[in-house]
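J.: All residue numbers in the sequence shown are consecutive under this note's numbering, ending with 310.
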Amino acid sequence: MTTLTITANDADQTLINYLKKVFKTLPLSKIYRLFRTKKIRVNNKTTTDFKYRLQENDLVVIYESNLVVNYKPEKITKEAPIELFYEDDNFLIVNKDHNIVVHQPYGSCLDNMVKYYLQQKYPKKKREQTFNISHQYRLDKLTKGLIIYPKNKMTQNALHNATKNGQIIKKYLAICSGQLTKNLNISGYITHDELTMKMKFSIEPSEQSKSCSTIFTPIFNTKDFTLVECQLVTGRKHQIRSTLQFLNLPIVGDTKYGSTIVTPNKIALFAYYLSFNDLEEPFTYLNDQNFIIKDLKTDLIKQIKKEKW
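1. If distances are taken between C-alpha atoms only, which option among Leu160, His136, Ala12 and Glu65 comes closest to Phe277?
2. Less than 9 Å between the beta carbons of Ala272 and Gly189, yes or no?
3. Answer with buried or exposed for Tyr173, where buried requires no fewer than 16 other C-beta atoms within 10 angstroms of its C-beta.
4. What's the gap between the Cα of Glu179 and the Cα of Thr261?
5. State the Cα-Cα distance for the pair Asn96 and Leu85, rounded to the nearest angstrom.
6. On the DSSP letters alone, give me the boundaries of the beta strand (DSSP E) that His193 sits inside.
7. Can you check DSSP and say which residues form a bridge with Ser203?
8. Between the C-alpha atoms of Tyr258 and Pro124, what's the straight-line distance to the nearest angstrom?
9. Since Ile302 and Phe221 are thought to touch, with beta carbons under 8 Å apart, how far apart are those beta carbons, to the nearest angstrom?
10. Please name the residue, chosen from Lys154, Cys231, Leu35 and Ser243, that lies closest to His193 on a Cα-to-Cα basis.
11. Which two residues bound the contiguous alpha helix (DSSP H) that contains Tyr64?
12. Could you pull the DSSP bridge partners for Gly254 from this structure?
13. Using DSSP with H/G/I as helix, E/B as strand and the rest coil, what is Phe92?
14. Spell out the partners DSSP gives Glu230 in its beta bridges.
15. If we ignore side chains and look at the alpha-carbon of each, how far apart do Ala1 and Ser66 end up?
16. From what residue to what residue does the alpha helix (DSSP H) around Tyr118 run?
17. What's the call for His104, buried or exposed, on a 16-neighbour Cβ count within 10 Å?
18. Using 9 Å as the threshold, is the C-beta distance between Phe202 and Ile191 below it?
19. My guess is that Cys177 and Leu250 are in contact by the Cβ rule of under 8 Å, so how many angstroms apart are they, rounded?
20. If you drop the 5 nearest sequence neighbours on each side, which residues of the same chain put their C-beta closer than 7 Å to that of Asn44?
21. Just checking, does the segment 148-160 make contact with the segment 9-16 on the three C-beta pairs under 8 Å criterion?
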């Protein structure tokens, strides 16, 4: 017999999905067999409803021997320290450096660096059965900047909905080759070019293209370079990079998207600003906060003047 108590971070998912995560090595056919043979009880009542939506404090009992529960705490090997930008009980923000992968199945990545940080800071914290901390969105490997990590399921769900509803504002700074002298709100379509293995922006739609929109604001100009603020309206892969190439304003160091300047292991693109709008309780405290990498604009302007990448 296996007894499982549903925590807040494991609630609000179907019973079948929960069991698939808890018994990762058990074939799906055998999990369904547990339902058919009435070996599963929820809150002392036998159930065959595998779509039942779990609630916090539900008691799930499986009357079957030799089941292997797979939610033991994950052991993360020692990782490089993160640059922590902000942390509270609900989430943290990390300033990812250039040349760091956010997520990958094997090897070092930012996800594992964050998990290692949390394990070291909270060694006695009990791991939830199915919730696994992960990035709210990704940044390209060569891009530097702010990434959100929800610390619980409630925050994860709230930020996911806020992203869909446009309640999270994300802005980037890019050093571009060329001159941009006026604000631009560029809408168009982006698609993956199988031949070049990169994203391609165009004004007209094509087969399998997705709509995208970005607001570009020039911050500082020289004869050859412009510091541009880029605000995402949509969040497509390589949206900023491919759109700036289309505008003949390639990001310095981004040789994949048209730059002739080589900057090993980095491009001059920085996710430097986050803000939240109209979030509901218990996240209203975020509505008045802006998370900004201070002095970055000043530092990048100095780099442009010296043309030192």
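Glycine included, every Cβ here is placed at the ideal spot set by N, Cα and C.
Because the structure is a prediction, the values reported are computed rather than measured.
T.: The answer reads as follows:
1. The option with the nearest alpha carbon to Phe277 is Leu160.
2. Not closer than 9 Å, so no.
3. The residue in question, Tyr173, is buried, as its Cβ has 16 or more Cβ neighbours within 10 Å.
4. According to the sequence displayed, residue 179 carries Gly and not Glu. Near 12 Å, if we compare the C-alpha coordinates of Thr261 and Gly179.
5. Between Asn96 and Leu85, the alpha-carbon positions lie close to 6 Å from each other.
6. In the DSSP assignment, His193 falls within the beta strand (DSSP E) that extends over Leu185 to Asp194.
7. Beta-bridge pairing links Ser203 to Tyr190.
8. Going from the Cα of Tyr258 to the Cα of Pro124 covers about 44 Å.
9. The pair is a contact, with the Cβ atoms about 5 Å apart (cut-off 8 Å).
10. Ranking the options by Cα distance to His193, first place goes to Ser243.
11. Counting along the chain, Tyr64 falls outside any alpha helix (DSSP H), and DSSP gives it neither H nor E.
12. Looking at the DSSP assignment, Gly254 forms no beta bridge with any residue, so it has no partner.
13. Phe92 falls in the strand class under three-state DSSP.
14. Answer by DSSP bridge pairing, in chain order: Leu174 and Thr218.
15. Within the shown structure, residues of the chain are numbered from 2 to 310, placing residue 1 beyond reach of any answer.
16. Counting along the chain, the alpha helix (DSSP H) containing Tyr118 begins and ends at Leu111 to Lys122.
17. Under this definition His104 is an exposed residue.
18. Contact: yes.
19. Here Cys177 really is in contact with Leu250; their C-beta atoms are around 4 Å apart, less than 8 Å.
20. Answer for Asn44: Asp59 and Leu60, listed in chain order.
21. As far as the Cβ criterion goes, the segment 148-160 touches the segment 9-16, which means the pair count is three or higher.
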